[in-house]
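Respectively, the protein sequence lines represent chains A and B. Count along the first sequence from 1, then add 550; that gives the number in the numbering used here. Count along the second sequence from 1, then add 550; that gives the number in the numbering used here. All C-beta atoms, glycine included, are put in the ideal place defined by N, C-alpha and C. Contents: one structure, followed by commentary.
2 protein chains.
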Amino acid sequence: MTRRASARFAGKQRGSPDAPIGPPSLALFPAAAERQRLDDELTRALIESGARIPRGSVVPDFDRETFRRELEAFDFSTPRPLSDVLAWTMAQLEHGVVHMTHPSYFGLFNPAPAFPAQCADRIAAALNPQLASATTSPAAVDIERHVVRALGARAGLGEGVTGHFTSGGSEANATALLLALASSHEAYVQDGVRAFSGQPVFYVSRESHLAWIKIAQQTGLGRAGAQMIATDGTGRMDTGELASAIERDRASGRLPVMVAATAGTTGAGMIDPLEASAAVARRHGLWFHVDAAWAGALIASKHLRGALAGIELADSITIDAHKWFAATMGCGVLLTRHATSPSKTFEVAAGYMPSQSASVDPYMTSLQWSRRFLGLRLFLCLAAAGWDGYGSHVERAVELMAVLRCTMTAKGWTVANDSPAAVVCLIPPAGSAQVRSIVERVVASGKAWISVAKLEGSDIVRVCATHGETTIEDIHHLADDLCRAAQEPVTPSTCNASPASATYVR
Amino acid sequence: MTRRASARFAGKQRGSPDAPIGPPSLALFPAAAERQRLDDELTRALIESGARIPRGSVVPDFDRETFRRELEAFDFSTPRPLSDVLAWTMAQLEHGVVHMTHPSYFGLFNPAPAFPAQCADRIAAALNPQLASATTSPAAVDIERHVVRALGARAGLGEGVTGHFTSGGSEANATALLLALASSHEAYVQDGVRAFSGQPVFYVSRESHLAWIKIAQQTGLGRAGAQMIATDGTGRMDTGELASAIERDRASGRLPVMVAATAGTTGAGMIDPLEASAAVARRHGLWFHVDAAWAGALIASKHLRGALAGIELADSITIDAHKWFAATMGCGVLLTRHATSPSKTFEVAAGYMPSQSASVDPYMTSLQWSRRFLGLRLFLCLAAAGWDGYGSHVERAVELMAVLRCTMTAKGWTVANDSPAAVVCLIPPAGSAQVRSIVERVVASGKAWISVAKLEGSDIVRVCATHGETTIEDIHHLADDLCRAAQEPVTPSTCNASPASATYVR
Chain A
551 MTRRASARFA GKQRGSPDAP IGPPSLALFP AAAERQRLDD ELTRALIESG
601 ARIPRGSVVP DFDRETFRRE LEAFDFSTPR PLSDVLAWTM AQLEHGVVHM
651 THPSYFGLFN PAPAFPAQCA DRIAAALNPQ LASATTSPAA VDIERHVVRA
701 LGARAGLGEG VTGHFTSGGS EANATALLLA LASSHEAYVQ DGVRAFSGQP
751 VFYVSRESHL AWIKIAQQTG LGRAGAQMIA TDGTGRMDTG ELASAIERDR
801 ASGRLPVMVA ATAGTTGAGM IDPLEASAAV ARRHGLWFHV DAAWAGALIA
851 SKHLRGALAG IELADSITID AHKWFAATMG CGVLLTRHAT SPSKTFEVAA
901 GYMPSQSASV DPYMTSLQWS RRFLGLRLFL CLAAAGWDGY GSHVERAVEL
951 MAVLRCTMTA KGWTVANDSP AAVVCLIPPA GSAQVRSIVE RVVASGKAWI
1001 SVAKLEGSDI VRVCATHGET TIEDIHHLAD DLCRAAQEPV TPSTCNASPA
1051 SATYVR
Chain B
551 MTRRASARFA GKQRGSPDAP IGPPSLALFP AAAERQRLDD ELTRALIESG
601 ARIPRGSVVP DFDRETFRRE LEAFDFSTPR PLSDVLAWTM AQLEHGVVHM
651 THPSYFGLFN PAPAFPAQCA DRIAAALNPQ LASATTSPAA VDIERHVVRA
701 LGARAGLGEG VTGHFTSGGS EANATALLLA LASSHEAYVQ DGVRAFSGQP
751 VFYVSRESHL AWIKIAQQTG LGRAGAQMIA TDGTGRMDTG ELASAIERDR
801 ASGRLPVMVA ATAGTTGAGM IDPLEASAAV ARRHGLWFHV DAAWAGALIA
851 SKHLRGALAG IELADSITID AHKWFAATMG CGVLLTRHAT SPSKTFEVAA
901 GYMPSQSASV DPYMTSLQWS RRFLGLRLFL CLAAAGWDGY GSHVERAVEL
951 MAVLRCTMTA KGWTVANDSP AAVVCLIPPA GSAQVRSIVE RVVASGKAWI
1001 SVAKLEGSDI VRVCATHGET TIEDIHHLAD DLCRAAQEPV TPSTCNASPA
1051 SATYVR
């Protein structure tokens, strides 16, 4: 604001038609030449850091106190040149986060992002279309619907499939539960949980994602609404236990509404028995949801999609494009075969809203209101790679993990899981260091990121192929590192390894 | 996948340590030189379209059927060069959405995105850090916390302020309601809505954002949980009515939990009486939330922040950085003065989760689990522009609308609202065309995007300054267009104007 404009403003002499208006903020809206210069600079900085990261530490190796001091100096009183701030930020991030873009990040489903998805993010950011309504952004809404239909068809949900993009799997799973609740009892939409004569409950396995507990809570069921079903000794939902739990709950006055099978458990990459789970759900008249947030990507592979047999029976499916489809975070998808279910659940009836578009406007058929153009990421990836490109991408990850399985078995380790997807759970040979120590040592070395998980009650070393450019050499290095870490004597220094290794965020 | 690998895979001879592994997908992970070429191409394409859009139609002017035919041709069976797909996509979006980046988009709080925020999106997309946990992404989590504290301090919430970034205002407001429910009754977390002895309800004004209805539903209260309080004739919550409603509800067995005042109503940009609303909430022991999704940006201006007096009394505040702070979509923020409230509400207790970080891990203190590095957008903008830069940005928008108010009054129009922010509600002179016709004509011309809204029951022409580069000439052109549209006789062609004009998505 110019001094003159400011004075005028303070004096309340607002709005003379000929009053001078200050210039736009050049810091927020630089001229085109400056934007081009900075974008070119950023392109090169990203490519350079992208070349360094795979050669550096996969875990943070910065001095956090120094970083924090520098961060505190940003008090936002004195503007700084964007170019400087970008350089500082890039340097801090290069050394201050666990790198999903490191090919030896064998972690928790966070991918190295595919380049077309990054391009999609640039376009969405620059044009900033509003994905709330089809009348506002018809081209963008159509592109998302096209991708949703393609995904739904590939998953076998048939012609009536509908759905939308979400911030991630949590939102997609929460949406599925809301659809199930509204489908179970029409009065739920208006009267909420109190419309039910008892406690509504849904069923997931003990190996399912813990986000279900938060979802049970945020939808007003309370955490008690999430019934955790025992697994069968291999990490898959025990469908006999599932049926018994439903009967027991009904007998005690609880109201079952949904069975949610997991396709790709976080710990061990296991796929619940989908057909048997669907049969139990059907027999009891419950909504059948498949949380395929990670392993849903197997639909892309002609060779591997058979592992998902039964997914086509789902009433709804969650797939996170930001997991194995390698889109940038966060990009979840909720699919449902019930074309009118989302609008029945989320429609907002108000006289001045355009009712003709109730069934196609994202804000009328989903949890969010204003929303980013998320679906472009998967559209560009699918357009550039095709289903076969994604098929090779997931097959390659599965093959790399098959190599690891084979290698470690030959070295005397035990493979504790039998996943058709790209997660291997390892138990070291008798007499080795503890699982937790082994993982901490490997992670502290900065050479690879792996994690501790529990499978059927036991600690295991969890390894997951997440990076589309991981090589067989990376696998061999990991195998060697694991063996070395298993044989090292315990010392105080390795026991106090980076806390990053303890993190198990599913 | 190579043919050999594929055959091996089909034959189940998986995992020989020396087996060949196919190359990474070049379509998903191009080489560095190719990424640089494509990013440079995209930089230029975005700058060129950014120069054309302000000279073109603000509303879609494409042939949707042709577009849809071309879209259907993407069956994802045959990969296409990314360069071609990008060019096609850019062309479609340039003509297929309402443009928030057009300086005559006077619309619904969707901004032309600030350039530093776009840079932040590029960095977040390329490095793809996981914002679920502080141990995974310490630098990124610290940057977000720094911004949250700066925002909280600026809003007057004091030292204990905490909070997090969300997909948008809906999620932030839903979070506030969940905090209020958990604060109102400890058993809510475990037992949900049924823990309450009656129907929990919260209070918003009739002019509040309709997303509250969906929020009431998604949190299990049912839509009946959102009590809509009458306004005072100027579009602000009537706090007398608020107090009466609370007393009436208590008397009838309902359980009030929260008062949510709106700072910047969607229709008229009005700010509910914050101090009086806070006093009512305090008197009745209710959580006091301020939905400042849009007008929260006024905290940046020394001259205008007084309009938010009382916001510092809030238990929680919603601010959408993707509205007046001009970040890219979607970038909401939830702030709360109760440091431990989010962890009490969202903490997930599981033996193998690192409990020491419960109060700082975003997934333990918010609705989402995996999350994008959203906060970097606001960090880069604040670092480059400073609070004063944002102050000028919001003051400029308010001044432009003051000019419009003055101009239209001089032309015989009535200004129906008295907002301290940048929304003007206009009623044409007696004898003019209907409000809806005027808006449809202006929008159909492609010269400007405005909307119809209702204020206190009457249709008004709604104009909001959203683009940081809108000029006073744009305002004068709009004034002329409005007058012309008001005087034109009704013809069938103008009555069948683009449906885009009817959209009112708050």
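Inter-residue distance for residue 771 of chain A and residue 751 of chain B is about 16 Å (C-alpha atoms, whole angstroms). Not a single CB atom of chain A sits nearer than 8 Å to the CB of residue 752 of chain B. In this structure, residue 999 of chain A lies near residue 654 of chain A, with their beta-carbon atoms less than 8 Å apart. In this structure, DSSP gives residue 571 of chain B a state outside helix and strand, which the three-state scheme calls coil.
When rounded, the separation of the alpha-carbon atoms in residue 620 of chain B and residue 689 of chain A is 11 Å. Assignment of beta strand (DSSP E) within the segment 724-779 of chain A, counting only whole runs of 3 or more residues, yields 750-755 and 776-779 in chain order. Going by DSSP, residue 597 of chain B is part of the alpha helix (DSSP H) stretching over 582-602.
For the segment 626-696 of chain A, the continuous alpha helix (DSSP H) assignments of 4+ residues that do not extend past its boundaries occur at 632-646 and 665-677, in sequence order. Looking at the backbone, the Cα of residue 945 of chain B and that of residue 851 of chain B are separated by about 7 Å. By the neighbour-count definition (other C-beta atoms within 10 Å, threshold 16), residue 814 of chain B is a buried residue.
In the three-state DSSP reduction, residue 912 of chain A falls in the helix class (H, G or I). In the DSSP assignment, residue 866 of chain A falls within the beta strand (DSSP E) that extends over 866-870. Listed in chain order, the positions of the segment 754-766 of chain A with a beta carbon within less than 8 Å of a beta carbon of chain B are 759, 760, 761, 763, 764 and 766. Proximity to residue 889 of chain A across A:1023, A:875, A:878 and A:865 peaks at A:865, based on C-alpha coordinates. The Cβ of residue 788 of chain A sits no closer than 8 Å to any Cβ of chain B. Residue-level contact by beta carbon holds for residue 660 of chain A and chain B, with a gap shorter than 8 Å. When the five nearest sequence neighbours on each side are left out, the beta carbons in the same chain lying within less than 8 Å of the beta carbon of residue 1008 of chain A are those of 966 and 977, in order along the chain. Proximity of chain B to residue 964 of chain A at the Cβ level (cut-off 7 Å) is not reached, the minimal Cβ distance being about 15 Å. Taking the beta carbon of residue 590 of chain A as reference, the chain B residues within 8 Å of it are 590 and 593, listed in sequence order.
For residue 678 of chain A, the nearest CB of chain B lies under 8 Å from its own CB, placing it at the interface with that chain. DSSP places residue 838 of chain A in the uninterrupted beta strand (DSSP E) bounded by 837-841. Relative to the Cα of residue 675 of chain B, the nearest Cα in the group A:665, A:678 and A:679 belongs to A:665. At least one beta carbon of chain B lies nearer than 8 Å to the beta carbon of residue 673 of chain A.
Rounded to whole angstroms, the gap between the alpha carbons of residue 799 of chain A and residue 780 of chain A is 15 Å. Among the residues of chain A, those whose CB is under 8 Å from the CB of residue 663 of chain B are 675, 676 and 678, following chain order.
Inclusion of residue 838 of chain B and residue 809 of chain B in the CB contact set at 8 Å is warranted, their separation being smaller than that value.
Inter-segment contact for the segment 912-928 of chain A and the segment 676-687 of chain A is present: three or more beta-carbon pairs are separated by less than 8 Å.
For residue 808 of chain B, the enclosing beta strand (DSSP E) stretches over residues 805-812. Against chain B, a Cβ distance below 9 Å from residue 984 of chain A picks out nothing, because the smallest value is about 14 Å.
The C-beta of residue 1022 of chain A comes closer than 8 Å to at least one C-beta of chain B. Pairwise C-beta distances place the segment 949-964 of chain B in contact with the segment 1025-1037 of chain B, as three or more of them are shorter than 8 Å. Each residue's CA atom was taken as its position, placing residue 677 of chain B and residue 927 of chain A some 15 Å apart. Contact annotation, residue 954 of chain A with residue 974 of chain A: C-beta distance approximately 5 Å; criterion of less than 8 Å satisfied. By the criterion of a C-beta distance shorter than 6 Å, residue 660 of chain A is surrounded in its chain by 650, once the five residues flanking it on both sides are discounted.
Relative to the Cα of residue 823 of chain B, the nearest Cα in the group B:733, B:861 and B:847 belongs to B:861. At a cut-off of 8 Å between C-beta atoms, residue 805 of chain B does not count as an interface residue with respect to chain A.
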